[in-house]
Each structure stands twice: as structure tokens, then as C-alpha cells.
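Chains L and S are the protein sequences, given in the same order.
Sequential numbering of the first sequence, starting at 1, is according to this note's numbering.
Sequential numbering of the second sequence, starting at 135, is according to this note's numbering.
Even glycine gets a Cβ: it sits at the ideal position worked out from N, Cα and C.
Owing to the predicted nature of the structure, the values given are computational and were not obtained by experimental measurement.
Take a look at the structure below.
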Amino acid sequence: MKKTHIFGIIIIAIAVMIIIITAGDASTYVTFDQAKKMAKNGNNKKIHVVGQLKKDDMGQVLGILPSEDKLSVSFSMIDNEGIEQRVYFNEPMPPDLERSEQVVVIGSFKEDLFIADKILLKCPSKYQEEEINI
Amino acid sequence: MHYLVGDLGHLFVIISFITALIAAFSYFKSTRTDNDSWKKNGRFAFYIHSAGILGVVLFLYIIIYNDYFEYHYAWNHSSKYLPFYYKISAFWEGQEGSFLLWIFWHVILGIIFIRYGKTWESPVMFVFSLVQAFLTSMILGVVVLQIKIGSSPFLLTREVIDAPIFQINPDFIPEDGSGLNPLLQNYWMVIHPPTLFLGFAATIVPFSFAISALWNKKLKSWIKPAIPWSLFSAATLGLGIIMGAYWAYETLNFGGYWNWDPVENAIFVPWLVQIASIHTMLIYRKNKTAIRLSFILVIATFLLVLYSTFLTRSGILGDASVHSFTDLGLSGQLLIYLLAFTALSLIFLIKNWKAIPVTDKEVNAYSKEFWIFMGATLLCLSAFQVIIPTSIPVFNAILNNIGIESNLAPPADQIIFYTKIQIWFAMGIATFSALGQYFWWRRMEKGKIFNEFAIPLVITLTISILIMIFSGINRFTFLLLITASVFAIVSNLSTLIRMKRKNFNLSGGSIAHVGVALMLIGILYSSGLSNVISLNRSGIIYSTNFPDEINKENILLFQDQPKEMDNYRLIYTGKRIRIKDYRDFYRKDQFLPTQDSHFLIAKEDIRKGDIILIAKGDTVEHNPENTYFEVKYEKSKGEVFYLYPRLQENPNMGNVVSPSIKKAIFRDIYTHVTVVAEDEKEWSETEEIEVPIGGSFFANDFVAFLEKFQRMDSLKGVDLNENDVAVKGIVKIKGATKDYILEPVYLIKDNFAGRIPDENKALGVKITVLKIIPDKNSVVLGINTAQKDYIILKAIDKPLINVLWLGTIIVMIGFTVSMIRRSKEISIPDR
Numbered sequence: 001m002k003k004t005h006i007f008g009i010i011i012i013a014i015a016v017m018i019i020i021i022t023a024g025d026a027s028t029y030v031t032f033d034q035a036k037k038m039a040k041n042g043n044n045k046k047i048h049v050v051g052q053l054k055k056d057d058m059g060q061v062l063g064i065l066p067s068e069d070k071l072s073v074s075f076s077m078i079d080n081e082g083i084e085q086r087v088y089f090n091e092p093m094p095p096d097l098e099r100s101e102q103v104v105v106i107g108s109f110k111e112d113l114f115i116a117d118k119i120l121l122k123c124p125s126k127y128q129e130e131e132i133n134i
Numbered sequence: 135m136h137y138l139v140g141d142l143g144h145l146f147v148i149i150s151f152i153t154a155l156i157a158a159f160s161y162f163k164s165t166r167t168d169n170d171s172w173k174k175n176g177r178f179a180f181y182i183h184s185a186g187i188l189g190v191v192l193f194l195y196i197i198i199y200n201d202y203f204e205y206h207y208a209w210n211h212s213s214k215y216l217p218f219y220y221k222i223s224a225f226w227e228g229q230e231g232s233f234l235l236w237i238f239w240h241v242i243l244g245i246i247f248i249r250y251g252k253t254w255e256s257p258v259m260f261v262f263s264l265v266q267a268f269l270t271s272m273i274l275g276v277v278v279l280q281i282k283i284g285s286s287p288f289l290l291t292r293e294v295i296d297a298p299i300f301q302i303n304p305d306f307i308p309e310d311g312s313g314l315n316p317l318l319q320n321y322w323m324v325i326h327p328p329t330l331f332l333g334f335a336a337t338i339v340p341f342s343f344a345i346s347a348l349w350n351k352k353l354k355s356w357i358k359p360a361i362p363w364s365l366f367s368a369a370t371l372g373l374g375i376i377m378g379a380y381w382a383y384e385t386l387n388f389g390g391y392w393n394w395d396p397v398e399n400a401i402f403v404p405w406l407v408q409i410a411s412i413h414t415m416l417i418y419r420k421n422k423t424a425i426r427l428s429f430i431l432v433i434a435t436f437l438l439v440l441y442s443t444f445l446t447r448s449g450i451l452g453d454a455s456v457h458s459f460t461d462l463g464l465s466g467q468l469l470i471y472l473l474a475f476t477a478l479s480l481i482f483l484i485k486n487w488k489a490i491p492v493t494d495k496e497v498n499a500y501s502k503e504f505w506i507f508m509g510a511t512l513l514c515l516s517a518f519q520v521i522i523p524t525s526i527p528v529f530n531a532i533l534n535n536i537g538i539e540s541n542l543a544p545p546a547d548q549i550i551f552y553t554k555i556q557i558w559f560a561m562g563i564a565t566f567s568a569l570g571q572y573f574w575w576r577r578m579e580k581g582k583i584f585n586e587f588a589i590p591l592v593i594t595l596t597i598s599i600l601i602m603i604f605s606g607i608n609r610f611t612f613l614l615l616i617t618a619s620v621f622a623i624v625s626n627l628s629t630l631i632r633m634k635r636k637n638f639n640l641s642g643g644s645i646a647h648v649g650v651a652l653m654l655i656g657i658l659y660s661s662g663l664s665n666v667i668s669l670n671r672s673g674i675i676y677s678t679n680f681p682d683e684i685n686k687e688n689i690l691l692f693q694d695q696p697k698e699m700d701n702y703r704l705i706y707t708g709k710r711i712r713i714k715d716y717r718d719f720y721r722k723d724q725f726l727p728t729q730d731s732h733f734l735i736a737k738e739d740i741r742k743g744d745i746i747l748i749a750k751g752d753t754v755e756h757n758p759e760n761t762y763f764e765v766k767y768e769k770s771k772g773e774v775f776y777l778y779p780r781l782q783e784n785p786n787m788g789n790v791v792s793p794s795i796k797k798a799i800f801r802d803i804y805t806h807v808t809v810v811a812e813d814e815k816e817w818s819e820t821e822e823i824e825v826p827i828g829g830s831f832f833a834n835d836f837v838a839f840l841e842k843f844q845r846m847d848s849l850k851g852v853d854l855n856e857n858d859v860a861v862k863g864i865v866k867i868k869g870a871t872k873d874y875i876l877e878p879v880y881l882i883k884d885n886f887a888g889r890i891p892d893e894n895k896a897l898g899v900k901i902t903v904l905k906i907i908p909d910k911n912s913v914v915l916g917i918n919t920a921q922k923d924y925i926i927l928k929a930i931d932k933p934l935i936n937v938l939w940l941g942t943i944i945v946m947i948g949f950t951v952s953m954i955r956r957s958k959e960i961s962i963p964d965r
């Protein structure tokens, strides 16, 4: 075998390793139920859950509780299968949280609480809400 | 309504599209004949095309500049109060405008190429014009057989938006535009996109060279004239990326300059591959090897540029990224172009694969090119590692299309995910850049190696050990990267010194490598060793279920109440605004609002020293969206500085916070607000206290003095008769940095007592004089309190970030030196 071939094989091996690492580190979109099961089985991987804030019939957001020192917040979120879950976020409440149409929380379960490391908010922005102001 | 300018614009787009096709056809014909007439036709068509594009740019800018809000593009991306330089950024905020910017640069590059391309003109300009036709079709905006081709920037607002007003009055023109995204209202956004797109655009030249070479079987001679273009493209693209990073650092609030966001990655990957391609092309120039690899990498660079265009503009990234464009329904068209160019390139490459010359030289670690080749390989692997996770949304889309449910998401913490792998590539690249230079310029033999490397290695290890001791870094990977970078700097500097004696023109490579190594050190320190200094263990347990506490990364500052943070004492001193045509920040409470929120009236004389800058009653202009929060940083040694983090409240885009950065030589202190108090106040029940005149009391935790009472001769809004009495109390409230005066009024009119309270909202204090007790020389005050103004703030320390910026400048110098050398080389025949 020529050295060039060995070299090629090493490169392919590294590329395969990269793919394996990516697959291993990639997160998944799951529901709260699935996430809870994962946590019970000792899988602490951070996952994505998509859902909305809990609202009353009038569309008022319910259950946002900033901590006393305002430096963290917890809220109730309902995932796409209708399961309600308390989410804790160790950052001050994002100003746009209440306005959000859709929330993606990234994190994992700790006991019965979902600890979010990161929150992505989808807000009605100018792109969806094309209105003319007269 | 200004129909003419839009109609002309649309017409010019169509002309440009057709002439691009004609140019492509003529240049194609020209390659099949020795006669010059087709070439002349091609040139003529390309010039007309160029004039058309310039016209389109001009018309679109006229529409934006003159606030023609009957056009959707102006309405959607601009507004009447936007300064003219941000109207330039509004030009490329939308997809159509940014395509136009790209097309515009192609026009400029094409004209230059026609001038200097010589024998390569016809084939290269054929590929060039073909790409140009494709790009122009993206802004064509015509419907053929119910298929929409391109999206025109000249659509009227009423054609895009289905608002009832247009049925009543089709000639209705919106009063104001919906404005430019506040994040883009930054000077970097005026120069970052054009630079980036110039780099983007320039990748077409090496690509066209490669395709022409395959097509005309000139498989070797293309590399020499293509190198300077690749260097130019890599330099501008790199500069554009760094400008974007700097913009993110100054404007966004994720705490840094690089977030491994899919859009950032999409542009970083082609750049890495392009750098690799430059290295393989240089190997060819020296040793006549690596032609196949050069073909692959040059073509891959351009295809990756198209792929990144597809990623950012098709909407496929969706929520995965902060700055992807919105979908204009063009994803199909983009995908077709991407696949078409990929297929075209592959066909040419496979057809000619056997004909591309290869050498049978055995891989040899002592050869001149071995370490450069290794470096190029690492660059490609690094690019591969970035593009795979970035493409996860694409994999999901493909799998879902063929009926397989996929719920794959990007890694939860992208920064940790990418850096833990990329740091190893960075080490390798730094090391190989050092070795590569040694082997490139010197004849290496097995026995001599130790002699050559002894001195640089000793110097490197000495410096690294010193850094290790004094910086207290204890992470193994960090130490390795520092050592590798120092090695790269030492070896490249030694090559540079040797080279300078011989010929400075040859030193571009060493200079660029020193710059890259400096950048790596700057990145390691400012990102890897950055720390949140607003960290505090407040001791609050976030759930009673489990005992562990967690660090909070923000601190709460009430107005005028100092708080210790790290080595600093912080005081939030209140809201500030900026006034048009004035440099400083001014207290918001010194101004009164007017009907038009863009204008304010000064409540009092505003001085700087003895000079009155703004007199009482003057009207000034400001941007009502912006509020700045003055934070005073005091160090124990008496060093004081102020930071002004900003909140921009944009009615369409929501709240946007931007940091304020204290820049120093060795470290930056980066500060942004995360939350601010709401303006609405809820006042508490009145508390009554009796205070002697001259006495002190507490109001909302502040110490206050009732200094005296003054008789008032007149009172605004009240007619005072002879028998009426009005007095005002002067109450001084001691803040941390200044005193605040409240003047509650007590009056007796027609034998009735009247009370006019005074309040300071920021401090949350409202004082009323309830009763005057003359015999005791005291008064009864009513005190209401409310939540004081506060901000929640995050502060991050960024050491040695300037080394990163310095490294960037050095890399650019290196590129420039190489570019000059390689351009001069073109006209010198090879030996």
C-alpha cells in the first residue's frame, strides 16, 4: 500500500469520527413526556421542546413567576401534545416572553422541573404582521 | 405616486437579464472561433448588462432615499427619519437588495476582468455571464406558466400587502415606512455587507477559471492567473466576516463576536475551503503537483457559496438562526441553481479527471509541500466539521420529504460543541503553518532537522512556560493551543526576518501566518478565558425539591444605590438619551415630550462646564426608540468610567438591547442590560410623618432633608389673591452620585387648603405637604413610595480581545503583499 492511500484512509477515518461525534451531540425535538422518560432512564442530554405559554380563555398568559430578585423566572409551558410543564430559567425574564407565539426551550429535566438553559422565542414580528398604519 | 422610477427599474432588470444571456451566448461562440467579432459582441452585451444593473441600483436607491413608500421595498425596509447612511443599509436589508449588491460586484469584477483577462476572457466571461444571468433572474419578478421567477424590488406596497385601504383608495401612500431592523442601524452594517458580498462575488473568478480550464483542456495554465483573484476574494471575505463579528460584538447581546450561528457557519465554511485552495494552488506553482485537488477545492468554494446562499435565503434554517432572511418563495429556484451548478461542475470534472496531470511522487514528510498539504487537509476537515451540524435542518427536510420522520435538532450548546473540536484543528493549523514555512523555504534533510528547529523550539517553550506560570491557565487544550500559536509566531517571524533581507515581496505568507496565530491567541483569551463578572451566588434556591444553588449571571441595580461587583462598585444613575448633533448623553428627565415623539423640549438649561449647550425651552431632535442606562464603574484605586448600555424599543421588532463596552488595551469590559423597570408606577399608601424644618427623614430608603419653606409669589395655573398663601417645601434627597430636589406645594386659597405633591419616578418617591404646624416649626409630610427604577445587567470580562483585531490587520497586510506579488507574476513567463 502506498503512503498516499494510508493518508487517505486516515482522512476518511477522521471524517467518519466527525460525523459520529455530531450525531452523538446533536439534540432532538421531543415532548415533555419523552423528555421525562429520558431523564428517568438516566439520560441527561439536553433536548429541545417546542410549545406555547399557558393562557386563559381571554388569551392572558398565566403562570409567569419571576423570582424575588428578578434574576430568574419560571413559567408554565404547554407542549405540542398538550402536556403542561413548569419550566425554570436561570436568567431574567426575557422581555418578549409574554408576547411570544411559540417557545422553544432547550435543557433537561431535574426531578419534576424542566431546567431551560436557553429559550428561543418566536414573536409576531413585522414579517408576519404586515399591517399598514394609517 | 411615482410610477416611472419603478417601471424603469423593472425594465432595466429585464434588460440586464437578457443582455447577460446574450453575453454568455456570444462569449460561448467566441471560444469556438478565432474571429474576434463574437468576443466584441460579448463585451458589448456585458457592458449593456452592466449599465442596466447600475441603473437598477440607482432607481432602487432613489426610491429608498426619497421615501417613496408606495414601493414595498422602501416601506418595508426604511422610514422617513432614517439618516441617509442607514438608508444605504436599508438598500441591502432585504433579499432583493442583497442579491443586487452581489450582482453589482460581479459587474465591477467582470469589467475589470475584460480589461485584464487576455486569452482567458472569452471562456471565463462565458461562465461569468451565465452566473450573472442566474443571479439577475432572482430579482426578475416575472411569472411564466404560473411559476414565479425571482422577486422584484420594484413592487408597489399595494401589490404585496392586502390591506383594505387599497380597495378604497388604490393611490393611498403610507405615511411612513415600517423601518429598518434596529440591529442593522449600526455603522458596521453600512460597510460589512458590501465587503462580505465583494468577497462572495470574487469567488466566481477562480471558479470560472477552473471551469474554463476543464472545458478547454488547458488544465494547468489557469492556476497562475487565478491565484491573485483567490487571494483577493479570501482577503475581502475574511475581512467581511471579521467586520460582521465586530458588529455582533458591538450590537448583539449574546456576549461575544462569534456564536457558531448557522448563518455565520455558512459563510465561514467556504472561506476555510478557499484558504485551503490557495495553498494547493501555491503547491502547484512550486512543485507542479496538486492540480486535481486545486480543481476540487476551487470549485467547492464556489458551490459552498451557493449552498450558503441557499441555507440563508430559503428559510430552511427557520428558527435556527438570528439572521437568516425571510422566505420569498424562491427556495425552489435557489435549489435548482445550486443543483445545476453542482451537476455542471461534476460533469466537467469527471470527464477530464483522467487527463488532469498527476505526479507519482511518493508522499514524503521532508518534501517542500508535505506540511502545506497537511495544513490544507486540516482546513478542509475543519470546514467539514462545521458544515455537517449546520446542515441538520437540511437533513431533516430531506428525510421528511422521503417519508422518514426526523426530529434531529442542532446541538444544545453550539459554542461548546464546536469549540471542543475546532480547538484541535486550530492547534494543527498553527503548527503546520510554522512547519510549512520552514520546509517551503529551506532544504530539509533528515540529519539537519534538529539544528533547524532547536532555536525556535527553545524560544517557543520558554515563552509558553512563562505564559503558563503567569496567566494561571490550567486547561491542557488551552496550553497546547497557546504553545502551537507561539511556535507559529516564532517560526514565521524568523522566516520573515530572513526573507526581508532577500525580498520583501515574498513575505506575504509569513506575515499572514503570524496574523493568524495572533488571532488564535486573541480568540483563546477573549472567548475561552472570558468570564461573567456580574456573577453572584445570591443563595436563592430555585426549587425546594433539591438543595443545590446555582450561580446567577446578572445583577440587579436600583437607581442611585451602589452595589459591589467583582473589583468594581457599580451605580446606576438613571436614563439617558442622545440628542441629534450633540455628542454626549443627556439626562432623560431634563426634557419634556412634544406631540411628535422625535422632538423634545429642554426643561432647564443644559450646561457643559460654564457653557450652555441647550437653553431652557429649546427644541431638540432625538430617536425616541433609544434609551441609554448610565452605569458608573468605580474601582478602588479611584479609576472611574461610565458605560451606556442601550435599549431600543422598536414597535415592529420588539425590544433590542445593545452592549456598551469599556475598551482598554488588555481587556474589554462588556456590559448590557437584560431587563429594565417598566415606566408605569404603582404608588403605595400614604405614610404620614412629622418633620421639623431642617430635619431629616427616610423616603424609600433614601435619606432626605426638609431644608426650608419658601413663599411663592406666583403659581402656574393658579390665580393668587391678596389673602391667598402659597409655600413650597424644598426637599433634598441624597442619591449616590447626586442630590435630587422635590418641591411639594402647600397653598391656602379662599380659605381652603390645597396640596400639590412632587415626585421623582426614578427614585420612587412622592412627597405631599399635608399640614403645617407653625408653633412647632414643623410639618406633616405624606410620603408615597413605589418601585425604584432598576436595571438588571450582565457584565463580561474579555481579556486580550485586541490581539484578535491586531491579528486580523496583520493577516490583511499579508494577503495584500501576496496579492501584489502574485499579480506581478502573471505577466512573467514561467521558466
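(request) Flag this pair as yes or no: are the beta carbons of Ser-516 (chain S) and Lys-932 (chain S) separated by less than 8 Å? (result) no
(request) Consider the Cβ of Lys-46 (chain L): report whether some Cβ of chain S lies at a distance smaller than 8 Å. (result) yes
(request) Could you tell me which of S:Leu-365, S:Phe-444 and S:Lys-358 sits nearest to Val-397 (chain S), measuring between CA atoms? (result) S:Phe-444
(message) I need the DSSP call for Thr-678 (chain S), collapsed to helix, strand or coil.
(response) Residue confidence is low: Thr-678 (chain S) scores 47 on pLDDT, short of 50, so the model does not pin down where it sits. Its coordinate-derived value is still stated next. Correct three-state label for Thr-678 (chain S): coil.
(message) Taking 8 Å as the threshold (beta carbon to beta carbon), is Ala-618 (chain S) in contact with chain L?
(response) no
(message) Below 7 Å on C-beta distance, what does Ile-526 (chain S) contact in chain L?
(response) Ala-26
(message) To be precise: take each residue of the stretch 528 to 559 of chain S, compare its Cβ to all Cβ atoms of chain L, and keep it if any distance is under 8 Å. Which residues remain?
(response) Asn-541, Leu-542, Ala-543, Pro-544, Pro-545, Ala-546, Asp-547, Phe-551 and Ile-555
(message) Run through the DSSP bridge pairs and tell me what Phe-719 (chain S) is partnered with.
(response) S:Arg-712
(request) Count the other CB atoms, across all protein chains shown, that sit within 10 Å of the CB of Asn-679 (chain S); report buried if there are 16 or more and exposed otherwise. (result) Because Asn-679 (chain S) carries a pLDDT of 46, less than 50, the predicted location of this residue cannot be relied on, and the following value inherits that uncertainty. It is exposed - the Cβ of Asn-679 (chain S) has fewer than 16 other Cβ atoms within 10 Å.
(request) For the stretch 274 to 289 of chain S and the stretch 373 to 383 of chain S, state whether three or more C-beta atom pairs, one from each stretch, are separated by less than 8 Å. (result) no
(request) Starting from Phe-388 (chain S), find everything on chain L with Cβ-Cβ shorter than 7 Å and list it in chain order. (result) Chain L residues near Phe-388 (chain S): none, gap ~10 Å exceeds 7 Å.
(request) Give the single residue among S:Ile-901, S:Ala-896, S:Glu-856 and S:Asn-894 whose Cα lies nearest to the Cα of Pro-878 (chain S). (result) S:Ile-901
(request) May I ask you to report which of helix, strand or coil DSSP gives Thr-902 (chain S)? (result) strand
(request) Specify, as a first and last residue, the run of the beta strand (DSSP E) that Gln-782 (chain S) falls within. (result) 780 to 784
(request) Anything in the stretch 33 to 45 of chain L with a Cβ closer than 7 Å to a Cβ of chain S? List those residues in chain order, please. (result) none
(message) Measuring only the C-alpha atoms, how far is Phe-343 (chain S) from Tyr-776 (chain S)?
(response) 54 Å
(request) Can you give me the Cβ contacts of Ala-13 (chain L) inside the same chain, cut-off strictly under 8 Å, excluding the 5 residues immediately before and after it? (result) none
(request) Examine the Cβ distances between the stretch 885 to 898 of chain S and the stretch 655 to 669 of chain S and report whether three or more of them are shorter than 8 Å. (result) no
(request) Indicate whether at least one CB of chain S lies closer than 8 Å to the CB of Asn-90 (chain L). (result) yes
(request) Would you tell me roughly how many angstroms separate the C-alpha atoms of Gln-128 (chain L) and Leu-264 (chain S), rounded to the nearest one? (result) Caution applies to Gln-128 (chain L), whose pLDDT of 38 falls short of 50 and renders its modelled position unreliable; the model cannot decide the point.
(request) Quick one: list the residues of chain A neighbouring Ile-18 (chain L), beta-carbon separation under 8 Å, in chain order. (result) Although the question refers to chain A, the structure presented lacks it and instead comprises the protein chains L and S.
(message) Quick check: what's the CA-CA separation for Ile-917 (chain S) versus Gln-60 (chain L)?
(response) 34 Å
(request) Confirm, please, whether the CB-CB distance from His-48 (chain L) to Thr-28 (chain L) is below 8 Å. (result) yes
(message) Can you give me the C-alpha to C-alpha distance between Glu-539 (chain S) and Phe-529 (chain S), rounded to a whole angstrom?
(response) 11 Å
(request) Report the three-state DSSP secondary structure of Asn-608 (chain S) (helix, strand or coil). (result) coil
(request) For Val-809 (chain S), go through chain L and note every residue whose CB falls closer than 7 Å to its CB, in chain order. (result) Lys-70, Pro-92, Met-93 and Pro-95
(request) Note the first and the last residue of the continuous beta strand (DSSP E) segment covering Arg-86 (chain L). (result) 84 to 89
(request) Might you give, ordered along the chain, the residues of its own chain that have their beta carbon closer than 6 Å to the beta carbon of Thr-120 (chain S), omitting 5 neighbours on each side? (result) The requested residue 120 (chain S) is not part of the displayed model; chain S covers only 135 to 965.
(request) Mind checking who Asp-79 (chain L) pairs with in its DSSP beta bridge? (result) L:Gly-51
(message) Quick check on DSSP: helix, strand or coil for His-806 (chain S)?
(response) strand
(request) Verify the CB distance criterion: does Asp-56 (chain L) have a CB-CB separation below 8 Å to chain S? (result) no
(message) Could you give the first and the last residue of the continuous beta strand (DSSP E) run that contains Arg-741 (chain S)?
(response) 740 to 742
(request) Consult DSSP for Asn-200 (chain S) and reduce its assignment to one of helix, strand or coil. (result) coil
(request) Please state if the CB of Leu-704 (chain S) and the CB of Leu-105 (chain S) are separated by a distance shorter than 8 Å. (result) Only positions 135 to 965 of chain S appear in the structure, and residue 105 (chain S) is not among them; the question remains open.
(request) Specify, as a first and last residue, the run of the beta strand (DSSP E) that Gly-888 (chain S) falls within. (result) 886 to 890
(message) Would you say Asp-79 (chain L) lies against chain S (beta-carbon separation less than 8 Å)?
(response) no
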